[in-house]
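*Asks:* After the structure tokens below, expect a handful of questions from me.
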Amino acid sequence: MKLSFLLNGRPTEVDCEAQETLAEVLRARLDLTGTKVSCEVQVCGACTVLVDGLPVSACTLLAYEVRDRSVLTVEGLARPDGSLHPIQQAFIDEFAFQCGFCTPGMIMATKALLDDNPKPTDDEIIHFMDGNICRCTGYVPIVRAIKRAAAQIQQEKGK
Amino acid sequence: MSAEKKRDFQIVNHSVPRRDGPAKVTGKAVYVSDVKLPAMAYAKVLRSPYAHAKIVSIDSAKAAARPGVYAVLTSNDLTGLNLYYGHAVKDHPLIAVDKVRYAGEPVAAVVAQDERTAFEALEFIDVKYDELKAVLTPKEALDKGAALLHERTFEAGALRGFEGEVAAGRGSNICQESHLKWGDVEAAFARAAAVVEGEYYFPMAYAYAMEPYVAIAEVSENGVTIYSSAQHPFMVRHDLTTVFKLPVSQIRLIVPFVGGGYGSKSYTKIEPLVAACAWKARRPVKLQLSVEEAMLTTRSDDALTWMRTAVDAHGKIIARQARIYMNTGAYAENSPLVCEKATNRTVGPYSIPNVQIDTYSVYTNTVPASSYRGFGCAQVTMAGESQIDELATKIGKDPYEFRLANVAKPGEEFFPKMRPFDGTLKQDLEIAAKALDWQQTPPKGHGKSIGCSTSDAGAYPLTSTVIRVHADSSVSILTGSTELGQGSHTVIPQIVAEELGVPFEKVRVVASDTAITPYDRSTGASRTTTLMGRAVLEASREAIEQMVRMAAELLHLGVDPQRIHAQVFSHASAGRLRHPMPHVRLDHPRESPSPGYGRRSVAGCLPPSNRYHISMSHPRSTLHPSCQCAHS
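Protein sequence lines correspond, in order, to chains A and B. Sequential numbering from 11 applies to the first sequence in my numbering. Sequential numbering from 321 applies to the second sequence in my numbering.
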């Protein structure tokens, strides 16, 4: 079947089977391998992408569910000039990753959080990020990165 | 060493951005799961539903005939390969042969055009089993008349020091024993002021690296190439030379970024199976396990520990005795070493005059156990430190003070045949107690405790590297250390840039490709910075020496080689050379020297009519004043 949707701001049309998940379509058909697959049961958050701005586990969402909707993946975060999004930069600055396998999901979940709540408290961050697992256990720098990103985004808006 | 400590470092000891940062935050970092080879097929594995059973027959004809299926692999069609591999002992068949030893063991694999087709074909494989009695715990496995997992002895694997020691096939399920004894334990317990005794069970655990095991194999007349999520590619290479009966040069392991390991990706896992699939299907094959399958691949050893510990009237620990049964599962993997480490770590960081530890690693019909986060330590430290707390309570002492009074001091030789204790535990405990506000009673519903352990370092110091200094003074480091997230690809170039005096940005890492990078035994046990770091440091110094020597030769300076060596090293270690690298430039003329020489020849060998323009400068060295020359 033909699937049409907005992918990282661009109209996209792709052939896929009815039983394929969004993660499969992104990774195998569109070569967007930034979206990682780990638990495959919606627990770990590695495959988090935004569908119409809301965080979704791409590993368990059937691809056809995103027809005519807007999907944002980690590949679509950087600015048109290629510079990093403040969330990506904050993860680098705070050393908020080790192996990096959970990082795309962490970053997309952070985007969803900050779009909804631009100045989250530590508790709000920890609560919201509950669905994202980091087995290198670098949670403290991740919380720091989210706060740094929030501050940076606020500062840019104020300009 | 003191001279090195005083160095005013420019790059080392400074926080630099991680090399893997931009790739990892943009989704561009490549892990094996992201790799796609041309004409690549996909494998799925049929696993045993029984913990212990004879395989009566396997009929895979229906599965093989399905559209999109390229091959079905069972132990019946692997003639020509050696099916057994293993780190400590080669007891592990790459696919079940004649019987299965744990629920989840691979029995067959389907190779197909895509994962879904392969998965769907699995249910068309008909396997008939004859179920055997299973033993699930060491206690059951050691009972008289218990079913045996392994009926024969096996060849030793690559793990040094275990040749012939693994007990498989000797008529019991004991895989490995480890014993430690000094002093007189019985006498000490007889005169003790207080004793605690208990039994402790530490459960099995799965490491859950976010990236489950994954590998891609390609087999051709040139040998076997494998992309793998392995921590120790060189050890996997060794196992594959056994399986394919090929020389080392014909097995190539490539490890890109690894999505977490924690020891669970040490040693060989699915690589022999995926390579056999590629061999049978005659095309590249990818095998990506699910997390559920990864749990059926490796776990940590669970342990049942009986232990007693004694103190004298002055509060000094005088004796510890333990008997530990570790559950290694169906295959030995690294558990013989886990067994030995657990034995050593049972003593704890205490100076105890009377010790007896007896550890048994036992085969059972469960998932094979292996390394995981400081292997062997958590299993026994839980028991040991519980007893320290209980003893302190029993003699009315504060558990923190009790530890302070008993921990080994730096330089103390408390463990026979090992180097003296090199930790500063007293200070460490003080830091921990301060952080915990130890003297304050915690609020209701809260608690706090303090514990410590010691580790006999687990890494064999076999590491090598190549540092390649290019004509423009940029540098490539060839290293077999795998980037698991620990930052090896950042710290290694930091050391090299510091030592060679070149900008950090000009130093690149080429990593973990056994066809290119020199041998590195493993990436684990926190060894990369200390061992690979040391290797690149020494290689950098040797590179300086070689360049000085080469420049001296080209300039006919007639410098005594011994003097060069001494100067380079004394300057480098005293930290006096900010830019110790002599600039050796080979400038090519802009035009091709003759129609016969294309520009292609620039890499590798220089056309004979090129002019060599050599400039050397050693700003703070009296050895080589700046000089230039040109000759044709």
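The beta-carbon is built from N, C-alpha and C at its ideal position, and this holds for glycine as well. From a predicted model like this one, the values you see are computed outputs, not experimental measurements.
Quick one: what's got a C-beta closer than 6 angstroms to residue 131/A's C-beta in the same chain, skipping five residues either side?
*Replies:* Position 121 of the first sequence holds residue 131/A. Nothing listed; no residue qualifies.
*Asks:* To the nearest angstrom, how far is it from the Cα of residue 869/B to the Cα of residue 836/B?
*Replies:* Mapped onto the second sequence, residue 869/B falls at position 549. Mapped onto the second sequence, residue 836/B falls at position 516. Spanning the two alpha carbons is a distance of roughly 26 angstroms.
*Asks:* To the nearest angstrom, how far is it from the Cα of residue 528/B to the Cα of residue 603/B?
*Replies:* As a position in the second sequence, residue 528/B is number 208, starting the count at 1. As a position in the second sequence, residue 603/B is number 283, starting the count at 1. In this structure, the straight-line span from the alpha carbon of residue 528/B to that of residue 603/B is close to 30 angstroms.
*Asks:* Around the C-beta of residue 10/A, are 16 or more other C-beta atoms found within 10 angstroms, so that it is buried, or is it exposed?
*Replies:* In the structure displayed, chain A extends from 11 to 169; residue 10/A sits before or after that span and is not available.
*Asks:* If you draw a straight line from the alpha carbon of residue 543/B to that of residue 554/B, how long is it in whole angstroms?
*Replies:* Along the second sequence, one-based indexing puts residue 543/B at 223. Along the second sequence, one-based indexing puts residue 554/B at 234. The alpha-carbon atoms of residue 543/B and residue 554/B are separated by roughly 16 angstroms.
*Asks:* Could you give the C-beta distance for residue 784/B and residue 823/B, rounded to a whole number, given that I count them as a contact under 8 angstroms?
*Replies:* As a first step, residue 784/B must be located in the second sequence, where it is residue number 464. As a first step, residue 823/B must be located in the second sequence, where it is residue number 503. Not a contact, Cβ separation roughly 25 angstroms.
*Asks:* Which chain B residues sit within Cβ distance under 9 angstroms of residue 113/A?
*Replies:* Indexing the first sequence from 1 puts residue 113/A at position 103. The contacting residues are 344, 345, 347 and 349.
*Asks:* For residue 20/A and chain B, any beta-carbon pair shorter than 9 angstroms?
*Replies:* As a working note, residue 20/A is residue 10 in the first sequence. No - not a single Cβ of chain B is within 9 angstroms of the one on residue 20/A.
*Asks:* Buried or exposed for residue 730/B, please, with buried defined as at least 16 other CB atoms from any protein chain shown within 10 angstroms of its CB.
*Replies:* Along the second sequence, read from residue 1 onward, the residue named residue 730/B stands at position 410. When all chains shown are included, residue 730/B counts as exposed.
*Asks:* Looking only at its chain, what residues have a beta carbon closer than 7 angstroms to the beta carbon of residue 598/B, apart from the 5 residues adjacent to it on each side?
*Replies:* Position 278 of the second sequence, counted from the first residue, corresponds to residue 598/B. Taken in chain order, the residues that qualify are 537, 538, 539, 604 and 605.
*Asks:* Nearest to residue 696/B by CA position, among 873/B, 738/B and 774/B, is which residue?
*Replies:* Position 376 of the second sequence, counted from the first residue, corresponds to residue 696/B. Closest option to residue 696/B, judged by alpha-carbon separation, among 873/B, 738/B and 774/B: 774/B.
*Asks:* From the DSSP output, which residues share a beta bridge with residue 674/B?
*Replies:* The residue given as residue 674/B occupies position 354 in the second sequence. DSSP output for residue 674/B lists 639/B as bridge partner(s).
*Asks:* How long is the line joining the alpha carbons of residue 57/A and residue 148/A, rounded to whole angstroms?
*Replies:* Taking the first residue of the first sequence as position 1, residue 57/A is located at position 47. Taking the first residue of the first sequence as position 1, residue 148/A is located at position 138. Near 18 angstroms, if we compare the C-alpha coordinates of residue 148/A and residue 57/A.
*Asks:* Count the other C-beta atoms from every protein chain shown that fall within 10 angstroms of the C-beta of residue 646/B, then say buried if there are 16 or more, exposed otherwise.
*Replies:* Translated into positions along the second sequence, residue 646/B becomes position 326. Its Cβ being crowded by 16 or more others within 10 Å, residue 646/B is buried.
*Asks:* Considering only residues of the region 11-71 of chain A, which uninterrupted beta strand (DSSP E) runs meet the minimum length of 3 residues and lie entirely inside it, listed in chain order?
*Replies:* 12-17, 20-25, 58-61 and 64-67
*Asks:* Looking only at C-alpha atoms, which of 831/B, 874/B and 861/B sits nearest to residue 816/B?
*Replies:* Here residue 816/B refers to the residue found at position 496 when the second sequence is read from its first residue. Nearest in C-alpha terms to residue 816/B, of all of 831/B, 874/B and 861/B, is 861/B.
*Asks:* Would the region 678-697 of chain B count as touching the region 746-758 of chain B if we require 3 or more Cβ pairs under 8 angstroms?
*Replies:* no
*Asks:* Assign residue 658/B to one of three DSSP states: helix, strand, or coil.
*Replies:* The count along the second sequence starts at 1 and reaches residue 658/B at position 338. If DSSP states are grouped into helix, strand and coil, residue 658/B belongs with the helices.
*Asks:* Is it a yes or a no for the region 464-472 of chain B touching the region 435-449 of chain B, going by three-plus beta-carbon pairs under 8 angstroms?
*Replies:* no
*Asks:* Just to make sure I have the definition right: I need the residues of chain A whose C-beta is within less than 8 angstroms of the C-beta of residue 532/B. Which are they?
*Replies:* Here residue 532/B corresponds to residue number 212 of the second sequence, with the count starting at 1. Ordered by position in chain A, the residues that pass the 8 angstroms Cβ test against residue 532/B are 48.
*Asks:* Just curious, the alpha helix (DSSP H) that residue 592/B is in, first and last residue?
*Replies:* Indexing the second sequence from 1 puts residue 592/B at position 272. The continuous alpha helix (DSSP H) containing residue 592/B extends over residues 591-601.
*Asks:* How would you call residue 164/A, buried or exposed, if buried means at least 16 neighbouring beta carbons within 10 angstroms?
*Replies:* The residue given as residue 164/A occupies position 154 in the first sequence. Residue 164/A comes out exposed.
*Asks:* So what does DSSP say about residue 665/B, is it helix, strand or coil?
*Replies:* In the second sequence, counting from the first residue as 1, residue 665/B sits at position 345. Residue state, collapsed to three classes: helix.
*Asks:* Of all the alpha helix (DSSP H) runs that stay within the bounds of the region 744-802 of chain B, which reach a length of 4 or more residues?
*Replies:* 745-755
*Asks:* In or out: residue 727/B buried (at least 16 other Cβ within 10 Å) or exposed?
*Replies:* To locate residue 727/B, count along the second sequence from 1; it is residue 407. Buried, since its Cβ has 16 or more Cβ neighbours within 10 Å.
*Asks:* Please work out which residues of its chain come closer than 6 angstroms, Cβ to Cβ, to residue 969/B, disregarding the five sequence neighbours upstream and downstream, and give them in chain order.
*Replies:* Outside the shown range of chain B (321 to 952) lies residue 969/B, about which nothing can therefore be said.
*Asks:* Taking the alpha carbon of residue 67/A as the reference point, which residue from 98/A, 48/A and 93/A has its own alpha carbon closest?
*Replies:* Sequence index remark: in the first sequence, residue 67/A carries index 57 (1-based). Per the Cα distances, 48/A.
*Asks:* Work out the CA separation of residue 520/B and residue 669/B for me, nearest whole Å.
*Replies:* As a first step, residue 669/B must be located in the second sequence, where it is residue number 349. As a first step, residue 520/B must be located in the second sequence, where it is residue number 200. Rounded to whole angstroms, residue 669/B to residue 520/B spans 19 angstroms at the Cα level.
*Asks:* Roughly how many angstroms lie between the CA atoms of residue 990/B and residue 665/B, to the nearest whole one?
*Replies:* Past the edges of chain B, shown from 321 to 952, lies residue 990/B, and the structure says nothing about it.
*Asks:* Compute the Euclidean distance between the alpha carbons of residue 151/A and residue 334/B, then round it to the nearest angstrom.
*Replies:* Residue 151/A sits at position 141 when you count from the first residue of the first sequence. Residue 334/B sits at position 14 when you count from the first residue of the second sequence. Approximately 18 angstroms between the Cα atoms of the pair.
*Asks:* Say whether the region 586-600 of chain B touches the region 556-566 of chain B, bearing in mind that this needs 3 or more beta-carbon pairs closer than 8 angstroms, one atom from each stretch.
*Replies:* yes
*Asks:* Checking the sheet assignment: what are the DSSP bridge partners for residue 541/B?
*Replies:* Walking along the second sequence from the start, residue 541/B turns up at place 221. Answer is none; residue 541/B lacks a bridge partner.
*Asks:* At the level of alpha carbons, what is the spacing between residue 339/B and residue 628/B?
*Replies:* For the purposes of this step, residue 339/B is identified with residue 19 of the second sequence, where counting begins at 1. For the purposes of this step, residue 628/B is identified with residue 308 of the second sequence, where counting begins at 1. The straight-line gap from Cα to Cα measures roughly 49 angstroms.
*Asks:* Determine, using beta carbons only, whether residue 687/B and residue 424/B come nearer to each other than 9 angstroms.
*Replies:* Start at 1 with the first residue of the second sequence, and residue 687/B comes out as number 367. Start at 1 with the first residue of the second sequence, and residue 424/B comes out as number 104. Yes, the pair counts as a contact, with Cβ atoms nearer than the cut-off.
*Asks:* Could you tell me if residue 809/B is buried or exposed, where buried requires 16 or more neighbouring beta carbons within 10 angstroms of its beta carbon?
*Replies:* In the second sequence, the residue the question calls residue 809/B occupies position 489. By the 10 Å Cβ count, residue 809/B comes out buried.
*Asks:* Would you identify the three-state DSSP class for residue 281/B, choosing helix, strand or coil?
*Replies:* This structure gives no information on residue 281/B, because the portion of chain B shown stretches from 321 to 952.
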